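Written out below as C-alpha cells is the structure these notes cover.
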Amino acid sequence: MAGHSKWANIQHRKGRQDEKRGKVWTRLTREIIVSARAGGGDVNMNPRLRLAIEKAKAANMPADNIKRNVDKATGNLDGVTYEEIRYEGYGIGGAAIIVDCMTDNRVRTVAEVRHAFSKYGGNLGTEGSVAFQFKHVGQMIFAPGTSEDKVMEVGLEAGAEDVVSGDDGSIEVLTAPGDFEAVRAALEAAGLKPEVAEVTMRAENTIDLAGDDAARMQKLLDVIEDLDDVQEVYHNANLDQ
Numbered sequence: 125m126a127g128h129s130k131w132a133n134i135q136h137r138k139g140r141q142d143e144k145r146g147k148v149w150t151r152l153t154r155e156i157i158v159s160a161r162a163g164g165g166d167v168n169m170n171p172r173l174r175l176a177i178e179k180a181k182a183a184n185m186p187a188d189n190i191k192r193n194v195d196k197a198t199g200n201l202d203g204v205t206y207e208e209i210r211y212e213g214y215g216i217g218g219a220a221i222i223v224d225c226m227t228d229n230r231v232r233t234v235a236e237v238r239h240a241f242s243k244y245g246g247n248l249g250t251e252g253s254v255a256f257q258f259k260h261v262g263q264m265i266f267a268p269g270t271s272e273d274k275v276m277e278v279g280l281e282a283g284a285e286d287v288v289s290g291d292d293g294s295i296e297v298l299t300a301p302g303d304f305e306a307v308r309a310a311l312e313a314a315g316l317k318p319e320v321a322e323v324t325m326r327a328e329n330t331i332d333l334a335g336d337d338a339a340r341m342q343k344l345l346d347v348i349e350d351l352d353d354v355q356e357v358y359h360n361a362n363l364d365q
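Numbered per this note's numbering, the sequence shown spans residues 125 to 365.
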C-alpha cells in the first residue's frame with residue numbers, strides 16, 4: 125500500500141540525533157535502567173532491555189557504561205529511580221504530539237513540558253487526548269532503492285503486519301511490538317538492513333505542514349526534545365523541509 129514520504133523527516137531526525145550525541149547517551153542510560161528494573165537484567169528474557177542495549181552499542185556507548193547501568197537497575201549498584209510519564213498535546217495546526225519522559229522529579233518535568241508547549245505555539249492536553257491517533261508498533265524503514273518485492277516477501281513470511289511503500293521510494297515494515305525482533309532478524313539475515321528499526325508510536329494519519337507552520341512546528345519539537353527528561357517525541361506532522 126502507498127504511504128507518505130518519510131525520508132526527509134527521517135534524515136533530519138537522524139541529523140539532529142548526531143548533533144546531540146551526549147543527550148542520546150543520557151536517554152539510552154535511562155532506558156537501560158528502567159527496562160532492566162522492570163524486566164530484569166537478563167537480555168534473553170527481557171526484549172526491551174535487549175533493544176536498549178543494541179541502541180546503546182549503535183551509539184558507541186562503552187560496554188562498561190552499559191553494564192554499570194544494568195547493575196544499577198538490578199540492585200548491584202546504587203542509582204537514581206526514574207519514573208516513566210507520558211504527556212499529550214497539540215502543536216502547530218492541531219498536529220498531535222506525544223512526549224515520553226523518564227524523570228526523578230515529576231513536578232519539574234511537567235512544568236518544563238508545559239512551558240515548552242505554551243511558549244512555542246502548542247497546547248498541553250489531557251491524558252488520552254491524542255494517543256488514540258497513534259498505534260504502538262514495531263517499525264523498520266528501508267532506504268529508497270531497496271527491493272520492495274524482497275522486503276515484502278521476507279517481512280510478511282516472518283510475521284510482519286504490513287509493508288508500506290513511500291512516495292519517495294522508501295519502504296516501511298510494520299509489526300506487532302512482540303514480533304519486531306523476529307521480523308528484523310529475518311530481514312537482516314536476508315541482507316536487508318533497515319535505516320530505522322524501533323518499537324514506536326506511529327501516527328495513523330498525518331497532517332501536512334509547510335512554510336512558516338512547518339518551521340514553527342520543527343522549533344516546538346526541537347525545544348521539547350532538548351528537555352533533559354524527554355526520552356521520545358512522537359507526532360503526526362509531515363513537515364515540508
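Even glycine gets a Cβ: it sits at the ideal position worked out from N, Cα and C. Here the structure is a predicted model, which means the values were calculated and not measured.
Which first and last residues belong to the beta strand (DSSP E) in which residue i is found?
{"i": "Phe241", "result": "Counting along the chain, Phe241 falls outside any beta strand (DSSP E), though it belongs to the alpha helix (DSSP H) covering Arg230 to Lys243."}
{"i": "Val223", "result": "Ala220 to Thr227"}
{"i": "Ala327", "result": "Val320 to Ala327"}
{"i": "Glu299", "result": "Sequence inspection shows Thr at residue 299; the Glu mentioned does not correspond to that position. Segment Ile295 to Thr299, the beta strand (DSSP E) holding Thr299."}
So, for residue i: in the same chain, excluding its five sequence neighbours on each side, which residues have a beta-carbon less than 8 Å away from its beta-carbon?
{"i": "Leu330", "result": "It is worth fixing the name first, because residue 330 is Thr in this sequence and not Leu. Same-chain partners within the cutoff: His128, Asn360, Ala361 and Asn362."}
{"i": "Val347", "result": "Ala240, Lys243 and Tyr244"}
{"i": "Ala314", "result": "Lys274 and Val278"}
{"i": "Thr227", "result": "Tyr206, Glu207, Ile209, Thr233 and Asp353"}
{"i": "Gly257", "result": "Checking the sequence, you will find Gln at residue 257 rather than Gly. Excluding residues within five positions, the ones whose Cβ falls inside 8 Å are Ala220, Ala327, Glu328, Asn329 and Asn360."}
In the DSSP assignment, find the unbroken alpha helix (DSSP H) run with residue i in it and report its ends.
{"i": "Gly199", "result": "Careful: Gly199 lies outside any alpha helix (DSSP H) and carries neither H nor E."}
{"i": "Met276", "result": "Glu272 to Ala282"}
{"i": "Gly335", "result": "Gly335 to Glu349"}
{"i": "Leu173", "result": "Pro171 to Ala182"}
Determine the DSSP secondary structure at residue i, reduced to helix, strand or coil.
{"i": "Ser159", "result": "helix"}
{"i": "Gly74", "result": "A query on residue 74 cannot be resolved here, the shown segment of the chain reaching from 125 to 365 and no further."}
{"i": "Ala309", "result": "helix"}
{"i": "Ala126", "result": "Unreliable placement is indicated for Ala126, whose pLDDT of 38 sits below 50; no coordinate value is reported for it."}
{"i": "Asn193", "result": "helix"}
{"i": "Gly290", "result": "strand"}
{"i": "Gly217", "result": "helix"}
{"i": "Gly262", "result": "strand"}
{"i": "Val254", "result": "coil"}
{"i": "Ala314", "result": "coil"}
Near residue i, which residues of its chain fall below 7 Å by C-beta distance, leaving aside the five closest residues on each side in sequence?
{"i": "Gly249", "result": "Glu212, Gly213 and Tyr214"}
{"i": "Val194", "result": "Ile156, Ala160 and Gly165"}
{"i": "Leu345", "result": "Val357 and His359"}
{"i": "Gly293", "result": "Pro268 and Gly269"}
Which residues in the same chain as residue i place their Cβ atom closer than 6 Å to its Cβ, once the five residues preceding and following it in sequence are excluded?
{"i": "Asn170", "result": "Gly163 and Gly164"}
Please confirm whether residue i and residue j have their CB atoms less than 8 Å apart.
{"i": "Asp364", "j": "Ala327", "result": "no"}
{"i": "Val261", "j": "Gly279", "result": "no"}
Within 8 Å (strictly less), CB to CB, does residue i reach chain B?
{"i": "Lys274", "result": "Within the model displayed, chain B is absent; a lone protein chain is all it includes."}
- request: Examine the Cβ distances between the stretch 346-360 and the stretch 220-240 and report whether three or more of them are shorter than 8 Å.
  value: yes
task: State whether the stretch 308-316 contacts the stretch 243-257, with contact taken as three or more CB pairs (one from each stretch) at a distance under 8 Å.
output: no
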